[in-house]
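A.B. asks:
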Amino acid sequence: MKKRRKLYEGKAKILYATDEPHLLIQYFKDDATAFDAMKRGVISDKGHCNNQISARLFCVLEKNHIPTHFVKRLGEREMLVKRVKIIPLEVTMRNIVAGGMSKRLGLDEGKKLKQPVLEYHYKSDALHDPLINDDHILVLGIVREKELDLIKEMSFKINKVLRRFFGQRNLELVDFKLEFGRFKKRILLADEISPDTCRLWDKKTKQKLDKDRFRRDLGNVKEAYKEVLKRVL
Ligand code: UDP
Numbered sequence: 063m064k065k066r067r068k069l070y071e072g073k074a075k076i077l078y079a080t081d082e083p084h085l086l087i088q089y090f091k092d093d094a095t096a097f098d099a100m101k102r103g104v105i106s107d108k109g110h111c112n113n114q115i116s117a118r119l120f121c122v123l124e125k126n127h128i129p130t131h132f133v134k135r136l137g138e139r140e141m142l143v144k145r146v147k148i149i150p151l152e153v154t155m156r157n158i159v160a161g162g163m164s165k166r167l168g169l170d171e172g173k174k175l176k177q178p179v180l181e182y183h184y185k186s187d188a189l190h191d192p193l194i195n196d197d198h199i200l201v202l203g204i205v206r207e208k209e210l211d212l213i214k215e216m217s218f219k220i221n222k223v224l225r226r227f228f229g230q231r232n233l234e235l236v237d238f239k240l241e242f243g244r245f246k247k248r249i250l251l252a253d254e255i256s257p258d259t260c261r262l263w264d265k266k267t268k269q270k271l272d273k274d275r276f277r278r279d280l281g282n283v284k285e286a287y288k289e290v291l292k293r294v295l
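The opening residue of the sequence shown carries number 63 in the numbering used here; numbering runs sequentially from there.
1. Could you pull out every residue in the same chain whose Cβ sits closer than 7 Å to the Cβ of residue 259, ignoring the five residues on either side in sequence?
2. Hey, which unbroken runs of the beta strand (DSSP E) at 3 residues or more fall wholly within the region 141-168?
3. When DSSP labels each residue in this structure, what does residue 71 get in the three-state scheme?
4. Report all residues from its chain with a CB closer than 8 Å to the CB of residue 223; omit the five preceding and five following residues, and keep chain order.
5. Considering only the alpha carbon of each residue, which of 252, 170, 235, 214 lies closest to residue 145?
6. Is the beta carbon of residue 201 less than 8 Å from the beta carbon of residue 213?
7. Is it buried or exposed, residue 106, if we count other Cβ atoms within 10 angstroms and call 16 or more buried?
8. When we look at the beta-carbon of residue 276 and count the other beta-carbons within 10 Å, is it buried (16 or more) or exposed?
9. Just reading off the beta strand (DSSP E) that residue 199 is part of, what are its end residues?
10. Looking at the unbroken beta strand (DSSP E) that takes in residue 175, where does it start and where does it end?
11. My parser needs the beta strand (DSSP E) runs of 3 or more residues fully inside the region 68-128; what are they?
12. Just checking my contact of residue 236 with residue 112 at CB under 8 Å: how many whole Å lie between their CB atoms?
13. If you follow the beta strand (DSSP E) that residue 135 is in, where does it begin and where does it stop?
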């Protein structure tokens, strides 16, 4: 599949057109940002790791009847995806307290939640992605009620599948962020699932194997991404 015009460049990925109007090439960069892009850096080989990890996880989800935008992996840093219209929501699922939830609610990081917690952020750079609830989503007209129910149902199912998958590889899925898109009247899981968008801790040692190593200057960032790749392949 030939790579054509660059359509969009984000913080960690680039989208290119192809000769097929319904398909795009998603290219994974090594660039990393954190704290609303206040912190910037490069994690060498991140793009390669995230592409392979995302491809593997999308395949696992598809096998579990979760529709995704993933078509196939094209090379080290690229995957072919369906051209969705991204819904401006960041859907966060949490199994263990960390990051924003720990700060917002004054809970200790590492506390196991008695049930998964779903949160939504409105994707808006100008507003710094504010936390919103179901009513905000409906009032803003981001999606209709039926679509929101579907997004919710898919998110809990994705959590179940991914927790089991990572658990079998000695990884604790602490929390993660999802994005969905519209494709021919359907809602598909889109974007990526990688150590950039998930918190993953080694089950035994509790070592962080995700972007928190970059956010918090913990060192061995590249090694953590490589370790996750090794475990999921
Ligand atoms: N996350 C993400 N993109 C964002 C914000 C968060 O992928 O713009 C992921 C993050 O890696 C973590 C989960 O969403 O796995 C929950 O993040 P949180 O809300 O705790 O925010 P943070 O700690 O990143 O401020």
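Think of the CB as a built atom: it goes at the ideal place given N, C-alpha and C, for glycine as much as any other residue.
C.D. replies: Result, derived from the coordinates:
1. Translated into positions along the sequence shown, residue 259 becomes position 197. Cβ within range, chain order: 238, 239.
2. 151-158
3. Reading the sequence shown from its first residue, position 9 is the one you call residue 71. Here residue 71 sits in strand by DSSP.
4. Within the sequence shown, numbered from 1, the residue matching residue 223 stands at position 161. Closer than 8 Å at the Cβ level, and outside the excluded window around residue 223, lie 122, 123, 126, 128.
5. Looking up residue 145 in the sequence shown gives position 83. When only C-alpha atoms are compared, the closest one is 252.
6. On the sequence shown, residue 201 is found 139 positions in, with the first residue counted as 1. On the sequence shown, residue 213 is found 151 positions in, with the first residue counted as 1. No, they are not a contact pair.
7. For this step, residue 106 is matched to residue 44 along the sequence shown. Per the 10 Å Cβ criterion, exposed.
8. As a position in the sequence shown, residue 276 is number 214, starting the count at 1. When all chains shown are included, residue 276 counts as buried.
9. Position 137 of the sequence shown, counted from the start, is the residue given in the question as residue 199. Premise fails: residue 199 lies in the alpha helix (DSSP H), 196-201, not in any beta strand (DSSP E).
10. To locate residue 175, count along the sequence shown from 1; it is residue 113. Note, residue 175: beta strand (DSSP E), 174-184.
11. 68-71, 75-79, 85-90, 93-96, 101-104
12. Your numbering for residue 236 matches position 174 in the sequence shown. Your numbering for residue 112 matches position 50 in the sequence shown. The pair is not a contact, with the Cβ atoms about 18 Å apart (cut-off 8 Å).
13. Within the sequence shown, numbered from 1, the residue matching residue 135 stands at position 73. Run containing residue 135: 132-135, per the beta strand (DSSP E) assignment.
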